[in-house]
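In this note's numbering, the protein residues as written are 31 to 456. By construction, the Cβ of each residue, glycine as well, lies at the ideal position given by its N, Cα and C atoms.
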RNA sequence: GCGGGCGUCGCCAAGUGGUUAAGGCAGCGGCUUGUGGCGCCGCUAUUCGGGGGUUCGAAUCCCCUCGCUCGCCCCA
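Okay, structure coming up:
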């Protein structure tokens with residue numbers, strides 16, 4: 031059995047860990063539904079072509095991180111490395127023009143072939159939100175605020191919001207012209223990674239982490255200075271509105287982000303507690319993507335939150351499970367079936383009811399109930415079965431002074447009264 | 001893809017060449033098959049991530065490999 035293991039960069043989530051996941055998901059989904067955002071589910075597997083065209087051939091994600099293979103029909107397939115391209119594809123395919131304004135969310139696994147690290151896996155999970163068909167600055171502010179609030183609802187502290195603007199396609203082309211000129215003059219002062227990017231993806235050089243390159247870049251032309259008046263206005267409107275909402279931000283002119291489809295606003299939320307993989311949320315506007323992919327001209331903006339990173343940040347209080355309300359101790363053939371019937375009835379009261387299936391001694395079953403920290407127990411054995419009744423007892427760990435009552439199996443009124451007094455059942 | 005650290009039972013670990021691989025937690029069984037918190041007793045690694053080598057003898061030394069981890073790169 032030793033040779034059968036999970037693949038590198040994948041993990042098993044066991045029941046104890048899933049308590050936290052489920053709690054986090056619950057809070058997140060509540061917040062999304064309050065904002066009237068609808069769920070969309072797209073396939074995990076897509077044509078490779080989708081990501082090459084959507085994300086950009088020269089991006090790191092596409093050029094070296096995709097899980098790509100040929101299926102039995104010789105089609106090139108890829109496990110999705112992110113969600114936006116799939117959502118765009120699904121909308122185009124299903125007739126976006128009949129419904130051009132949509133607020134959508136999705137949640138699920140993504141795949142990138144990278145070296146695993148804390149907060150980074152090969153199969154990881156993202157929550158994504160996309161506002162489709164919205165051009166306004168307020169849609170950007172709304173979406174940033176949403177990301178900010180989701181993280182806030184989970185009690186995550188010390189978050190940093192970084193923003194930047196990339197301008198529109200024209201702004202970028204103008205900038206790129208003079209940036210390329212500058213890059214070629216200063217080529218020798220750049221690190222080798224950046225030199226390689228000159229002809230492939232010059233914008234990415236902007237957020238190089240190389241100290242030497244960073245220093246040289248200080249004298250490079252600024253994208254900001256190539257923005258049209260309109261783009262400038264967008265950006266200052268964005269900042270003003272964030273200030274009204276009292277969401278603190280830091281401008282980072284080098285924030286470019288790794289996917290080609292971004293225009294205008296790009297943002298990232300980081301948390302120092304995550305260590306080197308600090309980004310918990312990244313997003314931005316992508317006004318040209320849907321058109322580029324063959325759909326109608328449709329502006330859009332979105333973000334993605336990394337769920338593994340979110341779980342790392344979320345507080346310990348979300349790890350607490352809901353305890354069993356009633357543990358049913360039972361023994362004997364007749365008692366057994368009465369106990370099953372009783373369990374079904376109690377579950378209709380929306381109580382967590384666990385039926386002991388072991389047939390072990392009463393003593394064992396009591397110990398099990400105690401270990402589970404069950405709030406109460408029901409005892410039903412041969413004696414009770416014969417009289418068509420059961421014993422119900424509060425099962426307080428602290429005191430042994432437990433209230434116990436014998437109730438007839440038919441007496442639902444008495445049962446409900448007991449439940450409402452002792453388990454605050456309504 | 002490149003550097004640094006690590007790898008002994010489900011978890012936390014002692015052991016650094018000499019033959020029975022400590023201990024704690026958890027688990028299981030019993031004292032106590034009709035009654036729970038405590039206690040006591042017992043069981044649970046032919047084996048030290050895997051493979052090969054050195055040696056009379058290896059968890060301990062050497063080589064390879066896999067995995068984890070921290071950084072770089074990049075991102076969620």
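Query raised in the report: Buried or exposed: residue 535, going by 16 or more other Cβ atoms within 10 Å of its Cβ?
Result: Residue numbering for the chain in the displayed model covers 31 to 456; residue 535 lies beyond these limits and cannot be assessed.
Query - Sequence-distant residues of the same chain with beta carbon closer than 7 Å to residue 445, five excluded per side - result: Position 415 of the first chain holds residue 445. Once the five neighbours on either side are set aside, the close Cβ partners of residue 445 are 437.
Report task. Please list, in chain order, all residues of the same chain as residue 142 whose beta carbon is under 6 Å from its beta carbon, the five residues on each side excluded. Result -> Taking the first residue of the first chain as position 1, residue 142 is located at position 112. Here the set comprises 95 and 111.
Query raised in the report: From residue 76 to residue 116, what distance separates their C-alpha atoms?
Result: Taking the first chain and counting its residues from 1, the one referred to as residue 76 is at position 46. Taking the first chain and counting its residues from 1, the one referred to as residue 116 is at position 86. Cα-Cα distance, rounded: 8 Å.
Report task. Give the secondary structure of residue 338 by DSSP, where H, G and I count as helix, E and B as strand, and everything else as coil. Result -> Position 308 of the first chain, counted from the first residue, corresponds to residue 338. Residue state, collapsed to three classes: helix.
Query raised in the report: Per DSSP, residue 313 forms a beta bridge with which residues?
Result: Residue mapping note: residue 313 aligns to position 283 of the first chain, counting from 1. DSSP output for residue 313 lists 297 and 333 as bridge partner(s).
Query raised in the report: Is residue 286 helix, strand or coil by DSSP?
Result: Numbered from its first residue, the first chain carries residue 286 at position 256. Residue 286 falls in the coil class under three-state DSSP.
Query raised in the report: Are the beta-carbon atoms of residue 201 and residue 258 separated by less than 7 Å?
Result: Here residue 201 refers to the residue found at position 171 when the first chain is read from its first residue. Here residue 258 refers to the residue found at position 228 when the first chain is read from its first residue. Their beta carbons are under 7 Å apart, which means residue 201 touches residue 258 by this criterion.
Query raised in the report: Given residue 78, which residues of its chain have a CB within under 6 Å of its CB, disregarding the five upstream and five downstream residues?
Result: Start at 1 with the first residue of the first chain, and residue 78 comes out as number 48. Excluding residues within five positions, the ones whose Cβ falls inside 6 Å are 98, 106 and 108.
Query raised in the report: In the structure shown, what three-state DSSP assignment does residue 133 receive?
Result: Translated into positions along the first chain, residue 133 becomes position 103. Strand.
Query raised in the report: How would you label residue 50, buried or exposed, when you count the other beta carbons within 10 angstroms and need 16 or more for buried?
Result: For this step, residue 50 is matched to residue 20 along the first chain. The residue in question, residue 50, is buried, as its Cβ has 16 or more Cβ neighbours within 10 Å.
Query raised in the report: With 16 as the cutoff for other CB atoms within 10 Å, does residue 194 come out buried or exposed?
Result: Here residue 194 corresponds to residue number 164 of the first chain, with the count starting at 1. Buried is the call here.
Query raised in the report: If you run the structure through DSSP and keep just helix, strand and coil, what is residue 113?
Result: What you label residue 113 is simply residue 83 of the first chain in a count that begins at 1. If DSSP states are grouped into helix, strand and coil, residue 113 belongs with coil.
Query raised in the report: So which of 384, 373, 401 and 334 has the shortest CA-CA distance to residue 139?
Result: In the first chain, residue 139 corresponds to position 109, counting from 1. The candidate whose alpha carbon is nearest that of residue 139 is 334.
Query - For residue 31, three-class secondary structure by DSSP - result: Working through the first chain from its first residue, we reach residue 31 at position 1. With a pLDDT of only 36 at residue 31, under 50, the local geometry of the prediction cannot be trusted, and the value read off the model is given with reservation. Coil at residue 31, not helix or strand.
Query raised in the report: Under a Cβ-count criterion, where at least 16 other Cβ atoms within 10 Å of its own Cβ denotes burial, should residue 261 be classed as buried or exposed?
Result: As a first step, residue 261 is located in the first chain; it is residue number 231 there, counting from the start. Looking at its Cβ environment, which holds 16 or more other Cβ atoms inside 10 Å, residue 261 is buried.
Query raised in the report: Going by other Cβ atoms of all chains shown within 10 Å of its Cβ, with 16 needed for buried, is residue 451 buried or exposed?
Result: Locating residue 451 in the first chain gives position 421, where the first residue counts as 1. Answer is exposed; the Cβ neighbour count stays below 16.
Query raised in the report: Can you tell me whether DSSP reads residue 68 as helix, strand or coil?
Result: Translated into positions along the first chain, residue 68 becomes position 38. Here residue 68 sits in strand by DSSP.
Requested in this report: Check the DSSP bridge columns for residue 140 and list the partner residues they point to.
Outcome: Position 110 of the first chain, counted from the start, is the residue given in the question as residue 140. Looking at the DSSP assignment, residue 140 forms a beta bridge with 154.
Query raised in the report: Hey, which unbroken runs of the beta strand (DSSP E) at 3 residues or more fall wholly within the region 403–453?
Result: With a minimum length of 3 residues, the continuous beta strand (DSSP E) runs that stay inside the region 403–453 are 406–410, 419–424 and 434–438.
Query raised in the report: So residue 191 and residue 278 are in contact, right, with Cβ under 8 Å, and what is the actual spacing, rounded?
Result: As a working mapping, residue 191 is identified with position 161 in the first chain. As a working mapping, residue 278 is identified with position 248 in the first chain. At roughly 7 Å, the Cβ-Cβ gap stays under 8 Å, so residue 191 and residue 278 are in contact.
Query raised in the report: residue 357 lies in the beta strand (DSSP E); which residues open and close that run?
Result: As a first step, residue 357 must be located in the first chain, where it is residue number 327. Unbroken beta strand (DSSP E) run through residue 357: 356–360.
Query raised in the report: What is the rounded straight-line gap between the Cα of residue 150 and the Cα of residue 365?
Result: Numbered from 1 along the first chain, position 120 holds the residue referred to as residue 150. Numbered from 1 along the first chain, position 335 holds the residue referred to as residue 365. Straight through space, the alpha carbons of residue 365 and residue 150 are spaced by roughly 52 Å.
**Report entry** Inter-residue spacing [alpha-carbon to alpha-carbon] between residue 326 and residue 227
**Finding:** The sequence position of residue 326 within the first chain is 296, counting from 1. The sequence position of residue 227 within the first chain is 197, counting from 1. Roughly 31 Å between the two C-alpha positions.
Query raised in the report: residue 108 by DSSP, collapsed to three states: which one?
Result: Sequence index remark: in the first chain, residue 108 carries index 78 (1-based). Three-state DSSP puts residue 108 in a strand.
**Report entry** N- and C-terminal bounds of the beta strand (DSSP E) containing residue 195
**Finding:** Residue mapping note: residue 195 aligns to position 165 of the first chain, counting from 1. Residues 189–195.
Query - Range of the contiguous beta strand (DSSP E) that encloses residue 76 - result: Working through the first chain from its first residue, we reach residue 76 at position 46. Per DSSP, residue 76 belongs to the beta strand (DSSP E) from 75–77.
Query raised in the report: Does the distance from the C-beta atom of residue 162 to that of residue 330 stay below 7 Å?
Result: Taking the first chain and counting its residues from 1, the one referred to as residue 162 is at position 132. Taking the first chain and counting its residues from 1, the one referred to as residue 330 is at position 300. Contact flag set, yes.
Query raised in the report: Helix, strand or coil for residue 161 per DSSP?
Result: Here residue 161 is taken as the residue at index 131 of the first chain, counted from 1. In this structure, residue 161 counts as strand in the three-state DSSP scheme.
**Report entry** Where the alpha helix (DSSP H) containing residue 291 begins and where it ends
**Finding:** As a first step, residue 291 must be located in the first chain, where it is residue number 261. First-last for residue 291: undefined, no H or E at that position.
Query raised in the report: Would you say residue 331 touches the ligand GTP, meaning its beta carbon is less than 6 Å from a heavy atom?
Result: You won't find the ligand GTP in this model; it holds no ligand whatsoever.
Query - Integer-rounded CB distance, given that residue 297 should sit under 8 Å from residue 410 - result: Residue numbering aside, residue 410 sits at position 380 when the first chain is read from its first letter. Residue numbering aside, residue 297 sits at position 267 when the first chain is read from its first letter. Actually they do not touch by this definition, with Cβ atoms about 59 Å apart.
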